[in-house]
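To keep things clear, I will list the structure first and then write my remarks on it.
Numbering (this note's numbering), first residue to last: 12 to 361.
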């Protein structure tokens with residue numbers, strides 16, 4: 012729009028100077044055309060600055076790096092004015108399956124329904140079953156204790172053996188038993204060496220070997236199984252209270268879903284009406300823009316043949332500028348209304 016205005020004002024300056032040269036216009040008309048052209052140049056600079064700032068903001072919202080050359084970016088989307096052909100019932104149906112807000116409250120209702128079923132489950136008996144298989148392993152860090160205990164036990168066995176042999180020898184006198192008793196060698200019987208002061212080496216080695224089992228040799232325990240049944244007989248009406256609270260929460264969630272559906276339906280209807288109104292407004296402004304351009308052409312022709320004034324041309328140019336600006340705002344409002352409708356539905360519509 013600013014570039015078009017500069018071009019129109021430049022043409023007006025040329026026309027005013029041509030008329031001034033042939034004596035059909037005064038220098039005042041030329042100066043007025045120059046001032047109008049200068050104002051249009053300033054407006055073009057301001058529009059270019061606004062365009063650059065809009066590109067920078069767009070890049071920031073897109074997450075692009077700040078060092079991108081904004082002057083190299085061009086707008087390829089024309090944003091046409093298309094007649095809205097959306098069906099209200101179809102939009103509502105799409106919103107009921109796509110609206111994020113509606114999905115959120117429906118998920119809350121589903122969770123509340125599950126809470127009701129869980130609360131009702133407290134009335135039923137509960138069963139539990141468990142099995143176990145265990146083992147253990149251990150090792151003495153001081154093998155001397157094992158050897159000492161085994162030696163004392165063997166010495167006790169050897170002493171008992173000698174005692175039994177002595178008794179048997181007296182009972183069988185004057186015909187004593189061979190070798191003085193039943194057991195000929197009590198040291199060997201008890202696992203002691205010939206001196207009777209130490210264990211036999213084989214027994215000592217066996218004790219040490221049996222002690223060297225940690226951590227890979229386990230002694231298994233018997234396999235076990237447990238079965239439990241819990242019968243809820245009386246809990247002071249706490250289960251009934253939990254069920255009632257869960258049902259109330261579910262009912263609140265259900266009404267929240269219904270309220271959200273009504274809100275979505277109403278919003279879609281309002282947004283659709285807004286889109287249609289914006290479309291009609293843009294159409295009307297487009298018609299006004301065409302009429303303003305024709306008015307400007309007529310004023311320029313009258314001024315060219317000397318039947319009009321420079322003031323009429325300036326007024327016609329201002330009218331064109333205002334009509335084009337109003338049309339751009341109407342077009343922007345139309346696309347903004349479509350975006351609002353898409354947000355209400357929860358999905359793109361174009």
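We put the CB at the ideal spot given by N, CA and C, even for glycine.
In the DSSP assignment, find the beta strand (DSSP E) that holds residue i and state where it starts and stops.
i, result
"residue 138", "137 to 143"
"residue 238", "235 to 241"
Only counting the same chain, and skipping five residues up and downstream in sequence, which positions put a Cβ closer than 7 Å to that of residue i?
i, result
"residue 10", "Outside the shown range of the chain, which is 12 to 361, sits residue 10, and nothing can be said about it."
"residue 342", "90, 92 and 293"
"residue 38", "31"
"residue 27", "36, 40, 41, 44 and 321"
"residue 149", "225"
"residue 300", "334, 335 and 338"
"residue 218", "157, 158 and 161"
"residue 317", "35"
"residue 102", "279, 283 and 356"
"residue 240", "136 and 138"
"residue 199", "none"
"residue 229", "146, 147 and 148"
"residue 58", "13"
Would you kindly report the start and end of the unbroken alpha helix (DSSP H) that includes residue i?
i, result
"residue 265", "249 to 315"
"residue 327", "321 to 356"
"residue 59", "38 to 73"
"residue 23", "13 to 32"
"residue 81", "No alpha helix (DSSP H) contains residue 81, which DSSP labels as neither H nor E."
"residue 128", "111 to 131"
"residue 152", "No alpha helix (DSSP H) holds residue 152; DSSP gives it neither H nor E."
"residue 196", "Note, residue 196: premise wrong, no alpha helix (DSSP H); not H, not E."
"residue 220", "212 to 222"
Among the residues of its own chain, which have a CB less than 8 Å from the CB of residue i, if the five just before and after it don't count?
i, result
"residue 346", "90"
"residue 231", "144, 145 and 146"
"residue 222", "150, 151, 154 and 157"
"residue 113", "106, 107, 268, 271, 272, 275 and 357"
"residue 236", "140, 141, 142 and 143"
Is it right to say residue i is buried, meaning 16 or more other beta carbons lie within 10 angstroms of its own, or is it exposed?
i, result
"residue 48", "buried"
"residue 254", "buried"
"residue 87", "exposed"
"residue 190", "With a pLDDT of 49 at residue 190, under the threshold of 50, the modelled position of that residue is not reliable, and the figure given next carries that caveat. Residue 190 comes out exposed."
"residue 40", "buried"
"residue 261", "buried"
"residue 269", "exposed"
"residue 63", "exposed"
"residue 23", "buried"
"residue 426", "A question about residue 426 goes unanswered here, because the residues of the chain that appear run from 12 up to 361."
"residue 331", "buried"
"residue 171", "exposed"
"residue 16", "buried"
"residue 72", "exposed"
"residue 208", "exposed"
"residue 9", "Absent from the structure is residue 9, since the part of the chain shown begins at 12 and ends at 361."
"residue 307", "buried"
"residue 302", "exposed"
"residue 312", "exposed"
"residue 340", "exposed"
"residue 195", "exposed"
"residue 325", "buried"
Among the options, which residue has its Cα nearest to the Cα of residue i?
i, options, result
"residue 323", "332, 39, 53 and 310", "310"
"residue 251", "29, 71, 128 and 39", "128"
"residue 115", "181, 267 and 55", "267"
"residue 177", "163, 160 and 197", "197"
"residue 9", "301, 276 and 46", "The question about residue 9 has no answer here: the residues shown for the chain are numbered 12 through 361."
"residue 344", "296, 317, 169 and 22", "296"
"residue 100", "326, 283 and 332", "283"
"residue 238", "319, 212, 138 and 98", "138"
"residue 61", "81, 249 and 319", "81"
"residue 210", "233, 229, 256 and 163", "163"
"residue 259", "125, 79 and 113", "125"
"residue 84", "68, 57 and 215", "68"
"residue 248", "131, 327 and 228", "131"
"residue 256", "236, 123 and 273", "123"
"residue 290", "33, 97, 325 and 75", "97"
"residue 46", "78, 74 and 21", "21"
"residue 305", "314, 327, 315 and 319", "327"
In its own chain, which residues sit with a C-beta less than 6 Å from the C-beta of residue i, not counting the 5 before and 5 after it?
i, result
"residue 286", "95, 348, 349 and 352"
"residue 54", "13"
"residue 168", "201"
"residue 360", "353"
"residue 117", "268"
"residue 120", "264, 265 and 268"
"residue 214", "202"
Subject >> Three or more C-beta pairs below 8 Å linking the region 141 to 155 and the region 194 to 208 >> reply: no
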